[in-house]
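Residue numbers (the numbering used here): 1009 to 1136. All residues carry an ideal CB built from backbone N, CA and C; glycine is no exception. Values in this document were obtained by computation on a predicted structure and should not be read as measured data. Down below is the structure, laid out as structure tokens.
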Amino acid sequence: MKGIAPPPTNLQTLADRLKVLAEPKRLFILHMLMEGVQCNCELGDALKMPPNLISHHLRALREADLVDVERDALDARWVYYSINRKTLDELNQAFGGFFDPARIKPRRPTCGPQGALVRVGDIAVVER
């Protein structure tokens, strides 16, 4: 891809995380965790879902490094979930860089009928 600048972020990592977040329930869980630490039962009540399904979605979020997990020091049966701030910062930077409108460059096609046109002021002339 001659003349095309490399993307401002690791596209595979971004795509993998977006794939995890494409599930609406996971996006809602992330939204709730932005409000602060939550346990499985709080998330289940809000989503009206059984604990096993909440755990399934939390596992996907954990594996994508989007969520941190901490067991209760007094009773290890209780698990608390929170946003992984480092990953959130990386996503903010990736999206800010990837979707930055300043990246859009004026460029005419180099192939097809439009690729043969040469602009002379406001007039398009076919190049032969």
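- Put simply, the backbone Cα of residue 1120 is about 42 angstroms away from that of residue 1095.
- Exclusion of the five residues before and after residue 1044 leaves 1090 as the residues of its chain whose Cβ lies within less than 8 angstroms of its Cβ.
- Between residue 1093 and residue 1065, the C-beta spacing is not below 9 angstroms.
- A direct Cα-to-Cα measurement between residue 1104 and residue 1026 gives close to 14 angstroms.
- The Cβ atoms of residue 1072 and residue 1024 sit closer than 9 angstroms to each other.
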